[in-house]
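J.: I'd like to ask you about the structure that follows.
What follows is the structure, encoded as structure tokens:
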């Protein structure tokens, strides 16, 4: 039965971790698309920027965390969220707003966001360095071992401290976003503008305010997602390279423009990735005696090697665009 | 002083003029109706009044104050409401959320106005938690009118409110427009159903090729044999 624990550790836990990160990133992409109608390619770098801010703040004030019993990086997260939100609004004012005012085609905005991506990558390397860094500076990553109350199971389910923090923050972000969109005046106005921008204007909704609010939310969420990923593994200045494709796949799988779809899409892509690299031999080995003699289980039976993990979201993206371009929740089609 | 006055308005899209000198004026308690053949610039004129179209020449005055080329949210603040012909609801929002958006600039009035709108359009109360995209055309028009009324406008602009509706709903909408006007809201409406619309109009403006062809009271236009022959189908 230890194989089951292996499955829980390598698929359930790992899938939820990746899924949460993709979900929070994809929500930002989908919100920006539904308000401004363009695919924001710089989003993954905003995530990295948020994590870089956490790194710099943690380096500057290393002892803060121990005072409250949390990793310093988590204590610094709200500040990093504010900084990333500020960056997002600033980038919009400087680069996207003038283009919007000219009424350019969405593809022009997309290309502009590619430019922003390159610029952000430079800025991140300039301040946070080019090498990978742990966000745990002078601290220890707590590891929780949960023993399952079955005699046949001797191995524990392993969850690390950053993963627990990640689950808590993901749930908080999703609940918070839901309450904002369904209860608050601004949240409803945001959905109204996504539905029908002209009518939103005719109702007296100031669409510039909504655009700014969208950037604040997307920027803060990006900072959360980037930081959580860096906490779980390590901070790397080229994180965005591994994030961009999965978060866009997640947003499209969920149906672009649907925040809840993006969350679902994030978990679909996250679990698809972990299932694809999972070594199925581990689960099949106990049944070896039932197999015909000529069939020998290979040592590693995964759909793709870990180093090719990135092809999974790419495959999902292509498949969904071919067979169901509106996504699971009937979203808009990116043009 | 008229509630709304347009003096010699020119305007169009991309340098092409659709409006070639339109004049209209309505008082605070009046219903004004713009009729005319397709392509006469009826809806374009309404859009010009609501600032959705650049006015190149002439002026539009609300209570004597120039308003042309003001952004829509400023016009809403000044008491103007606009109901477009198509895409006049937020389809994924519930009926109630649609109405709340109408009072976006006056959140303190939401509760009171919701009660008033539900009393005015009782079917909407039962459907308040349904998304507006699931409603029939007539019910959607009610949501659209309700949304505009939530802002307590002093002037309501309606772009072909009865387009595509069954005769039953058509009469209902005309009745409702009369009631809204009786409650003290000035109305400027573009209509295809010219006869019915002119019958409730205090002022009628017959446009052709972006210019006033006839301007008179609704009753006088209906009685005019020349208007009848050229614009009302005999």
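Protein chains in written order, with UniProt numbering: chain A, 1 to 335; chain B, 1 to 234.
Heads up, the beta-carbon is just placed ideally off N, CA and C, and yes, glycines get one too.
Source: prediction; values computed, not measured.
Enumerate, from N- to C-terminal direction, the unbroken beta strand (DSSP E) stretches of 3 or more residues contained entirely within the segment 147 to 205 of chain B.
T.: 155 to 159, 186 to 190
J.: With a threshold of 6 Å on Cβ separation, who are the neighbours of residue 197 of chain B within its own chain once the five nearest residues in sequence on each side are excluded?
T.: Correct list, in chain order: 33, 191.
J.: Can you give, in chain order, each stretch of the alpha helix (DSSP H) that sits fully within the segment 34 to 89 of chain B and has at least 4 residues?
T.: 42 to 49, 72 to 77
J.: Counting only beta-carbon atoms, is residue 68 of chain B nearer than 9 Å to chain A?
T.: no
J.: Using the DSSP secondary-structure output, state which residues sit across from residue 117 of chain A in a beta bridge.
T.: According to DSSP, which records beta bridges pairwise, residue 117 of chain A is partnered with nothing at all.
J.: Here's the rule I'm using: 16 or more other beta-carbon atoms within 10 Å means buried, otherwise exposed. How should residue 14 of chain A be labelled?
T.: buried
J.: Taking any Cβ of chain B, which residues in the segment 174 to 192 of chain A have a Cβ under 7 Å from it, in chain order?
T.: If the cut-off is 7 Å between Cβ atoms, the segment 174 to 192 of chain A has 185, 188, 189, 191, 192 near chain B.
J.: Quick check: is the beta carbon of residue 147 of chain B nearer than 9 Å to any beta carbon in chain A?
T.: yes
J.: Could one say the Cβ of residue 279 of chain A lies closer than 9 Å to chain B's Cβ atoms, at least one of them?
T.: For residue 279 of chain A, the closest Cβ of chain B is not nearer than 9 Å.
J.: Would residue 202 of chain A count as contacting chain B if we go by Cβ distances under 9 Å?
T.: Judged by the 9 Å Cβ criterion, residue 202 of chain A is in contact with chain B.
J.: Taking the alpha helix (DSSP H) that residue 22 of chain A falls in, what are its first and last residues?
T.: 14 to 36
J.: Identify which residue in A:207, A:323, A:228 has its Cα closest to the Cα of residue 72 of chain B.
T.: A:207
J.: Apart from the five residues on each side of it in sequence, which residues of its chain come closer than 8 Å, Cβ to Cβ, to residue 129 of chain A?
T.: Taken in chain order, the residues that qualify are 237.
J.: Since residue 88 of chain B meets chain A, which of its residues come closer than 7 Å, beta carbon to beta carbon?
T.: 199
J.: Beta-carbon within less than 7 Å of residue 193 of chain A's beta-carbon, same chain only, minus the 5 sequence neighbours each way: which residues are those?
T.: 35, 200, 205, 207, 210
J.: Which residue's Cα is closest to the Cα of residue 200 of chain B: B:174, B:60, B:169?
T.: B:174
J.: Grab the span of the beta strand (DSSP E) containing residue 2 of chain A for me, first residue to last.
T.: Counting along the chain, no beta strand (DSSP E) covers residue 2 of chain A; the unbroken alpha helix (DSSP H) around it starts and ends at 2 to 7.
J.: For the alpha helix (DSSP H) holding residue 96 of chain B, just list the boundary residues, first then last.
T.: Counting along the chain, the unbroken alpha helix (DSSP H) around residue 96 of chain B starts and ends at 95 to 102.
J.: Less than 8 Å between C-beta atoms, sequence neighbours within five positions excluded: which residues of the same chain meet that for residue 156 of chain A?
T.: Correct list, in chain order: 5, 145, 146, 147, 148.
J.: Buried or exposed: residue 307 of chain A, going by 16 or more other Cβ atoms within 10 Å of its Cβ?
T.: exposed
J.: Use the C-beta contact count for residue 186 of chain B: other C-beta atoms within 10 angstroms, 16 or more gives buried, fewer gives exposed.
T.: The residue in question, residue 186 of chain B, is buried, as its Cβ has 16 or more Cβ neighbours within 10 Å.
J.: Excluding five sequence neighbours on each side, which residues of the same chain lie with their C-beta closer than 6 Å to the C-beta of residue 152 of chain A?
T.: 1
J.: Along the chain, which unbroken stretches of the alpha helix (DSSP H) at least 4 residues long are found entirely within the segment 150 to 217 of chain A?
T.: 161 to 183, 185 to 195, 197 to 202
J.: Where do the ends of the beta strand (DSSP E) carrying residue 22 of chain B lie?
T.: 16 to 26
J.: Please name the residue in B:231, B:188, B:120 whose C-alpha comes closest to that of residue 176 of chain B.
T.: B:120
J.: Just the Cα atoms here: how many angstroms apart are residue 236 of chain B and residue 90 of chain A?
T.: No answer is possible for residue 236 of chain B: the residues shown for chain B start at 1 and end at 234.
J.: For residue 16 of chain A, tell me which candidate among A:189, A:220, A:168, A:249 has the shortest Cα-Cα distance.
T.: It is A:168.
J.: Assess, as a yes-or-no matter, whether the segment 94 to 110 of chain A is touched by the segment 226 to 233 of chain A under the definition of 3 or more beta carbon pairs within less than 8 Å.
T.: no
J.: Whose CA, out of A:290, A:12, A:22, A:111, lies closest to the CA of residue 269 of chain A?
T.: A:22
J.: Can you find a heavy atom of the ligand GTP that lies under 8 Å from the Cβ of residue 238 of chain A?
T.: Only the bare structure without any ligand can be found here, which leaves the ligand GTP out of the picture.
J.: Could you tell me the boundaries of the alpha helix (DSSP H) in which residue 213 of chain B lies?
T.: Residue 213 of chain B -> not in any alpha helix (DSSP H); beta strand (DSSP E) instead, spanning 211 to 217.
J.: Are the segment 254 to 270 of chain A and the segment 48 to 61 of chain A in contact at 8 Å, needing three or more beta carbon pairs?
T.: Segments in contact, no.
J.: Have a look at the DSSP bridge pairing and note the partners of residue 235 of chain A.
T.: A:133
J.: Between residue 300 of chain A and chain B, is the shortest Cβ-Cβ distance under 9 Å, so that the two count as touching?
T.: no
J.: Note down the Cα distance separating residue 79 of chain B from residue 153 of chain B, rounded to an integer number of angstroms.
T.: Cα to Cα, residue 79 of chain B sits roughly 4 Å from residue 153 of chain B.
J.: Going by DSSP in three states, residue 310 of chain A sits in which element: helix, strand or coil?
T.: coil
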